[in-house]
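Participant: In mature numbering (1 follows the signal peptide of the UniProt record, and there is no 0), the protein residues as written are -20 to -1, 1 to 162. Virtual Cβ for every residue (Gly too), placed ideally from N, Cα, C. Source: prediction; values computed, not measured.
Structure, rendered in structure tokens:
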């Protein structure tokens, strides 16, 4: 069920056209959505005619509850689902945001990290594949050749460099001896 809820959005235009979306009514609007857990502590407070976000009452209870954590009226509201195990011990579970009347479940941090790490690994693998193709590596070969493919003859270039050195230093070489011209 969690997987399906991540891709769901919820809006009731009739409600939004009738009531303003503000910090006093946003929880009532959220309670109409499929994201709301009717067994939560907030619902127990509502049944006793106590405001469902009254922290003085919620802190005395244990179990699942919702808290209004961020407000940027009238466009953005963030509601946090959390588990309360004591007056001061609260464990965040999920976050929901209401953006211009549409309610969404916020992605979990582990899902964001997994997506970004997956994307990074894809690009790293692609870079290694490109580098391996440039180096002449073939996974099917038994002998790996990590020598860079060259478009020129390295031995002739080395000999040309030696000849240039001899010329610049006025060194003449014959088969019998090496003489230095002064």
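(1) Can you pull the DSSP bridge partners for residue 71?
(2) Please state the DSSP three-state secondary structure of residue 15.
(3) In the DSSP assignment, what residue or residues form a beta bridge with residue 43?
(4) Using a threshold of 9 Å, state whether the C-beta atoms of residue 3 and residue 45 are closer than that.
(5) Looking at the secondary structure, which residues open and close the alpha helix (DSSP H) in which residue 105 lies?
(6) Alpha carbon to alpha carbon, how far is residue -13 from residue 104?
(7) Of the choices 78, 80, 60 and 47, whose alpha-carbon is the least far from that of residue 31?
(8) CB residue 86 to CB residue 101, shorter than 9 Å?
(9) Using beta-carbon positions only, say whether residue -16 and residue 15 come within less than 9 Å of one another.
(10) How far does the beta strand (DSSP E) with residue 83 in it extend, from its first residue to its last?
Facilitator: Let me lay it out:
(1) If you number the chain shown from 1, residue 71 lands on position 91. According to DSSP, residue 71 shares a beta bridge with 63.
(2) Here residue 15 refers to the residue found at position 35 when the chain shown is read from its first residue. Here residue 15 sits in coil by DSSP.
(3) Position 63 of the chain shown holds residue 43. DSSP lists 64 as the bridge partner or partners of residue 43.
(4) On the chain shown, position 23 is the one that residue 3 refers to. On the chain shown, position 65 is the one that residue 45 refers to. Taking 9 Å as the Cβ cut-off, residue 3 and residue 45 do not qualify as a contacting pair.
(5) Reading the chain shown from its first residue, position 125 is the one you call residue 105. DSSP places residue 105 inside the alpha helix (DSSP H), whose first and last residues are 89 to 115.
(6) Here residue -13 corresponds to residue number 8 of the chain shown, with the count starting at 1. Here residue 104 corresponds to residue number 124 of the chain shown, with the count starting at 1. Distance from the CA of residue -13 to the CA of residue 104, rounded to the nearest whole angstrom, comes to 33 Å.
(7) For the purposes of this step, residue 31 is taken as residue 51 along the chain shown, with counting starting at 1. The option with the nearest alpha carbon to residue 31 is 47.
(8) On the chain shown, position 106 is the one that residue 86 refers to. On the chain shown, position 121 is the one that residue 101 refers to. No.
(9) Counted from its first residue, the chain shown places residue -16 at position 5. Counted from its first residue, the chain shown places residue 15 at position 35. Note that the C-beta distance between residue -16 and residue 15 is below 9 Å.
(10) To locate residue 83, count along the chain shown from 1; it is residue 103. Going by DSSP, residue 83 is part of the beta strand (DSSP E) stretching over 82 to 85.
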